[in-house]
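S.K.: Please read through the structure below; I'll follow up with questions.
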Amino acid sequence: LNSFKIDLDGVVINKVKDKKGIENIAIPDLERRGIDVLGVLPYKKVLAGIVVEDVVDMLGANLLAGEKGLTKRIDKIFIGAMNIESALSYLRRYANKAIITGGDRIDMQLAALETSTSCLILTGGIYPSPQVVAKADKLNVPIMLVSADTFSASKSFENITAKIEARDKEKIEVIKKMVKENVDLSKLESE
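Residue numbers are given in my numbering: position 158 of the sequence shown equals residue 1058, and the series is strictly consecutive.
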């Protein structure tokens, strides 16, 4: 950092899963280099998650139902290509999931709506049945339609990164609390 002539007041270490490793190795090393560690922020799953609206934007999807659920968090992606009997245990096991399945898979869509599902991404440009749309609207579960096949739609998720925007009230509150509890802001105020 000195070679770049950066006037550094300190650092905050973010997304920490192994606090002991940071405290025993990284912090002493930084302090030996004259870098003040202002705080250590733990990894929080809620901050790593994406929201449904991000997916709609990224896929350029046509939103068909569940507009009130656009701020729901997505923690898991499920490809609904298997038979329904095999899928049911997985659907029940995970919350906050996005289901990517063919628009003609009414069985998968209805089963997903019976569990904690954040959104349905229907592929192949095939519109869902009115029954599925009505149920999703009632539950505030967004349904988006894409022309891509299921594999291509699932590959698109590799390019989505979690962001924190003004609309992400939950994430903002988590960050405020984390900073208050883990960062010594007084070191910045004295500068």
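Heads up, the beta-carbon is just placed ideally off N, CA and C, and yes, glycines get one too. What you are looking at is a predicted structure, and each value in this text was computed from that prediction instead of being measured.
With a Cβ-Cβ cutoff of 8 Å, do residue 937 and residue 911 count as a contact?
M.R.: Result yes, Cβ atoms of residue 937 and residue 911 sit closer than 8 Å.
S.K.: Nearest to residue 987 by alpha carbon, out of 1003, 965, 1012, 968?
M.R.: Minimum Cα distance to residue 987 is reached at 1012.
S.K.: Going by other Cβ atoms of all chains shown within 10 Å of its Cβ, with 16 needed for buried, is residue 953 buried or exposed?
M.R.: buried
S.K.: Is the stretch 1013 to 1027 touching the stretch 1041 to 1058 in the sense that three or more CB pairs, one from each, lie closer than 8 Å?
M.R.: Between the stretch 1041 to 1058 and the stretch 1013 to 1027 there are three or more inter-stretch CB-CB distances shorter than 8 Å, so the stretches are counted as touching.
S.K.: Nearest to residue 1081 by alpha carbon, out of 929, 1010, 925, 941?
M.R.: 941
S.K.: List in chain order: all unbroken alpha helix (DSSP H) runs of 4+ residues lying wholly within the stretch 966 to 1042.
M.R.: 984 to 993, 1006 to 1013, 1030 to 1039
S.K.: By how many angstroms is the C-alpha of residue 1065 removed from the C-alpha of residue 948?
M.R.: 13 Å
S.K.: Between which two residues does the alpha helix (DSSP H) containing residue 915 stretch?
M.R.: Secondary structure note for residue 915: it is in no alpha helix (DSSP H), and the uninterrupted beta strand (DSSP E) holding it is 911 to 916.
S.K.: From residue 956 to residue 1076, what distance separates their C-alpha atoms?
M.R.: 27 Å
S.K.: What does the Cβ neighbour count give for residue 1028, buried or exposed, with the cut at 16 atoms within 10 Å?
M.R.: buried
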